[in-house]
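Some notes on the structure that comes next.
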Amino acid sequence: MPARPGGRRSPVIDHFNHLKLKESDIMAKAKITFTDIDQTVNVPAGTRVIEVSEKIGAGIIYGCREGDCGTCMMHVEEGWNNLTEPSVLEEKVLRENMASRHDRLACQAQILGDCRVKPA
Ligand code: FES
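Quick note on numbering: the sequence shown equals residues 1 to 120 in UniProt numbering.
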């Protein structure tokens, strides 16, 4: 990625670097399917699941959107490894909410590749 005038990189690239995403991840597209409404959407890699769910009217409900309340728990049917790793806070909230093995918080999980999800 070329540097901006003055030697600074884009704040967007800095943000994705902070999230430990590679440049190829940023430019990539991925497909996410919400099986409760049978809708598949192409999204830029790095998009949070809740943003897409809300936009297309899937059934994943939410509260805080900060990974704190556990309301947005979803079940990942396929593509578990195509989401960003859960943070320590997300793992704690999932444990507190007795999540099953492939449940995630839709407000925290970012899409890196194709996946299929539904409300938990
Ligand atoms: S909306 Fe509260 S944890 Fe996701």
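Idealized CB from N, CA, C, for every residue including glycine.
Practice task
Identify whether E78 lies in helix, strand or coil by the three-state DSSP scheme.
Solution key: Of the three classes helix, strand and coil, the one that applies to E78 here is strand, per DSSP.
Practice task
Would you verify that the beta carbon of I60 is, or is not, closer than 9 Å to some beta carbon of chain B?
Solution key: The structure shown contains no chain B, having only a single protein chain.
Problem - Straight-line Cα distance separating S53 from L89 - result: So the two alpha carbons sit approximately 22 Å from each other.
Exercise for the section: Please name the residue, chosen from C107, C115 and R116, that lies closest to E51 on a Cα-to-Cα basis. Expected result: Among C107, C115 and R116, the Cα nearest to that of E51 is on C107.
Exercise for the section: With DSSP collapsed to three states, give me the class of L112. Expected result: Under the three-state reduction of DSSP, L112 is assigned to coil, being neither helix nor strand.
Handout entry: heavy atom of the ligand FES below 8 Å from G59 C-beta
Key = Shortest gap from the CB of G59 to any heavy atom of the ligand FES: 8 Å or more.
Handout entry: Three-state secondary structure assigned by DSSP to R101
Key = The answer is coil: DSSP assigns R101 none of H, G, I, E or B.
Practice task
Have a look at Q110, M74, E78 and T71 and flag the residue whose alpha-carbon is nearest the alpha-carbon of T84.
Solution key: Looking only at Q110, M74, E78 and T71, the smallest Cα-Cα distance to T84 is reached by Q110.
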